[in-house]
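The numbering used here numbers the first residue of the sequence shown as 3 and each following residue consecutively. Glycine included, every Cβ here is placed at the ideal spot set by N, Cα and C. Bear in mind that the values here come from a model prediction, so they are computed numbers and not experimental data. To keep things clear, I will list the structure first and then write my remarks on it.
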Amino acid sequence: MKLKTRIFLASTAGGLMALAGTAALAAAAVTPTVTATVQNSSNVNITSALVGSSVHAAVTVASSSAPASPTGTVDFNLYANQTCTGSPLAQTGVALVNGSASSSNTILTAAGLSYKVHYSGQTDLYTEADSTCASIQAAQVAPAISLSLSNNNVQAGSFVYGIPNLTGETATASGTLQYNVYSNNTCSTLTLNAGQKAVTNGSTPNSDSFQFNTPGTYYWRVAYSGDLNNTATTSVCGTVLTVVATSTPPLPPTGAGTISGTVFNDLNRDRDQDAGEPGISGVTIRLQQKATTTARWWKESKKYRKLIIATTTTDSNGNYSFANLGAGTYVVEQKELEGWKQRSSDRRRVVLDSTHTSADVDFANVEKKDKDKDDKDKEHEGKGKDKDDDWHDNGKHRGWERFIGNLNILNFDGWIRWNR
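Listed below in structure tokens is the structure:
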């Protein structure tokens, strides 16, 4: 409080008399109200947001007993928690405009954030003041997941895989899917681990494909791990697989063997999946038990179809997998895809044994155009051979396709007509 003293001199008949008076002429400064909130990028007050969201603090300094809006500056103190404790990151000297100011933007972390704002005051009008703690917590969405099977009723020896359906997740959802198969309807007795798959940007791969040789009832379940923005969730224990006995001899025992690969768009036609060449989803892949057959590679024969023991489809990234395979000889076949032309052989022979328990078999495809360019095919097909050194033909001889000599031809139950 400032005090001012004035001295008055008065003249009376008795002489001069001095009067001294002291008056408190200045009023006390007002303490304003400092209100801090957390806002999103649209300047809307919020108390929760997804991890990675851009947020900032907003402050208003006001008083109902002062004659004018406060001026001066504020300091924003940012804390890496929701309690305004610890050492803050300070942004100082931000000027008030009509009694308001905003901090710079920051990114919300999983631990949440909080702000406390200090007002520096205004001479003769407003004292210094602080806001209360304004906090924001990281929120998660709650997705749901369900599971279906490639086939719910099969004969012993058949392969089955799980197909997930994750809904309500964020567009950038990550985490994992764990597939399990149980022998009871409460999903407490684990029979089989059907694989763990990574979730990328909400894309949910199918489970591994497994062979079921023992008749019975099996209960499938999938569990999503969740991530910073998505809560964990598990499907109900209600996806039922029924395996019935078959009169045909059982298939070889299952083992640790795996055959997997990718069906991809071979943009440069070199039959290798290079960077930037995407996978093709929804392509049917068939697994055959043996490669020994008299059927020609390029012919769909009844004898070959009888050897098919499992079927699967490629996921959103073009990947497929057959797991739990025993030692033996297999043929992996890609079913022809409408609108596409196969660049690699459509059937590939694989041998699994104790030293070779896994194999990677990819299939290259190119989109068909109005007119196939035979010159381009000729350049890459290597004069009648594909990359795997198997004869690749469409049933018609073209000028650049060379003849093959020194072949033994076995004729079991048909006839041969020779043309010169």
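Self-check item: Unbroken beta strand (DSSP E) run spanning N367, endpoints
Solution: Note, N367: beta strand (DSSP E), 365-369.
Self-check item: Given I48 as reference, the closest of V36, G281, T357, A140 once Cα atoms are compared
Solution: If we check each option's Cα against that of I48, A140 comes out closest.
Quiz prompt | Proximal residues to A60 (C-beta, below 6 Å), its chain only, five neighbours per side dropped | solution = Sequence-distant Cβ neighbours of A60 in its own chain, meaning closer than 6 Å and more than five residues away, are T39, Q41, S104.
Exercise. Indicate the three-state DSSP secondary structure (helix, strand or coil) for K337 in the structure shown.
Key: The DSSP-derived three-state label of K337 is coil.
Exercise. Please determine if the segment 92-110 and the segment 71-79 are in contact, where contact requires at least 3 C-beta pairs separated by less than 8 Å.
Key: With a cut-off of 8 Å, the segment 71-79 and the segment 92-110 count as touching, because enough Cβ pairs lie within range.
Self-check item: Assigned secondary structure, G263 (DSSP; H/G/I helix, E/B strand, else coil)
Solution: DSSP, read as helix, strand or coil, puts G263 in strand.
Quiz prompt | Identity of the residues DSSP links to W166 by a beta bridge | solution = Here residue 166 turns out to be Pro, not Trp, going by the sequence shown. Partner(s): L149.
Quiz item: Terminal residues of the continuous beta strand (DSSP E) containing N321?
Solution: Segment 321-327, the beta strand (DSSP E) holding N321.
Exercise. Return yes when the Cβ of A196 is within less than 8 Å of the Cβ of D210, no when it is not.
Key: For D210 and A196, yes; Cβs fall inside 8 Å.
Quiz item: When the Cα of Q275 is compared with those of A113, D364, Y163, G159, which residue comes out closest?
Solution: Of A113, D364, Y163, G159, the residue nearest in Cα terms is D364.
Exercise. Would you check if the segment 326-342 and the segment 229-241 touch, i.e. whether three or more CB-CB distances between them fall below 8 Å?
Key: Taking 8 Å as the limit for Cβ pairs, the verdict is that the segment 326-342 does not touch the segment 229-241.
Exercise. Keeping to the same chain, check which residues put their C-beta closer than 8 Å to that of S50; ignore five residues upstream and five downstream.
Key: If we look at S50 and ignore the five residues flanking it on each side, its Cβ neighbours are I138, Q139, A140, A141.
Quiz item: In the DSSP assignment, what are the bridge partners of L179?
Solution: Per DSSP, K199, Y226.
Quiz item: Per DSSP, what kind of secondary structure is A277 in: helix, strand or coil?
Solution: Coil, per DSSP.
Quiz item: If you drop the 5 nearest sequence neighbours on each side, which residues of the same chain put their C-beta closer than 6 Å to that of A225?
Solution: Beyond the five residues adjoining it in sequence on each side, A225 comes within less than 6 Å, by CB distance, of Q180, T236 in the same chain, given in chain order.
Quiz item: What number of angstroms, rounded off, separates the C-alpha of T62 from the C-alpha of Y117?
Solution: Taking the straight line from one Cα to the other gives about 13 Å.
Quiz item: Distance, Cα to Cα, T314 vs I165?
Solution: A straight line joining the alpha-carbon of T314 with that of I165 spans about 11 Å.
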